[in-house]
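Peer 1: Here you go, one structure.
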Amino acid sequence: MDLGLSTRGRNALLRHGIRTVGQLITRSRDDLVHEIFGLGTRAVTEIEAALYREGLGLAAERGPQRYRGTYSANTSRHTKNHYLWLTPPVTEEESKQAAASEAATRSPA
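Note that numbering that gives the first Met the number 0 gives residue 71 to position 72 of the sequence shown, counting from 1, and the numbers run on in steps of one.
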């Protein structure tokens, strides 16, 4: 990945395991600022400018999302993160259907 980034920004990305442009563009600005130690707003702005020069951009901001899947008490954090990364977010319609189904099973007949 050669976007002409500063050494600090490049090293922060490498420490976090981001080695390709493809891995970088899947992250949002918020993800970069809050998840990568040593990467502040100035470095993220530099990354955005470098991607813009290449005709690319960071991923859109993601709001709070609920995900499919259930976890047991002894499911590791690592496994949960894989589920979150690989499973598509639950839509509002699916969320309403699940709530209605759960309410129907809990109500005494």
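A virtual CB, placed ideally from N, CA and C, is assigned to each residue, including glycine.
Since this is a predicted model, take the numbers as computed values, not measurements.
Can you pull the DSSP bridge partners for SER27?
Peer 2: Per DSSP, ALA58.
Peer 1: What number of angstroms, rounded off, separates the C-alpha of ASP1 from the C-alpha of ALA103?
Peer 2: Approximately 55 Å, taken between the alpha carbons.
Peer 1: According to the neighbour-count rule (16 or more other Cβ atoms, all chains shown, within 10 Å of its Cβ), is ARG26 buried or exposed?
Peer 2: Buried, because 16 or more other Cβ atoms sit within 10 Å of the Cβ of ARG26.
Peer 1: Given this structure, state the Cα-to-Cα distance separating THR90 from ALA98, to the nearest angstrom.
Peer 2: If I take the Cα positions, the gap works out to 12 Å.
Peer 1: If distances are taken between C-alpha atoms only, which option among GLY37, VAL20, ILE24, GLU47 comes closest to ALA58?
Peer 2: Among GLY37, VAL20, ILE24, GLU47, the Cα nearest to that of ALA58 belongs to ILE24.
Peer 1: In angstroms, rounded to a whole number, what distance separates the CA positions of ALA49 and GLY3?
Peer 2: So the alpha carbons of these two residues sit roughly 7 Å apart.
Peer 1: Smallest Cα separation from THR44: which of LEU31, GLY21, PHE36?
Peer 2: The shortest C-alpha separation from THR44 is found at LEU31.
Peer 1: Mind checking whether ALA42 and GLY8 have CB atoms under 8 Å apart?
Peer 2: Cβ atoms of ALA42 and GLY8: closer than 8 Å.
Peer 1: If you run the structure through DSSP and keep just helix, strand and coil, what is SER94?
Peer 2: Reduced to three states, the DSSP call for SER94 is helix.
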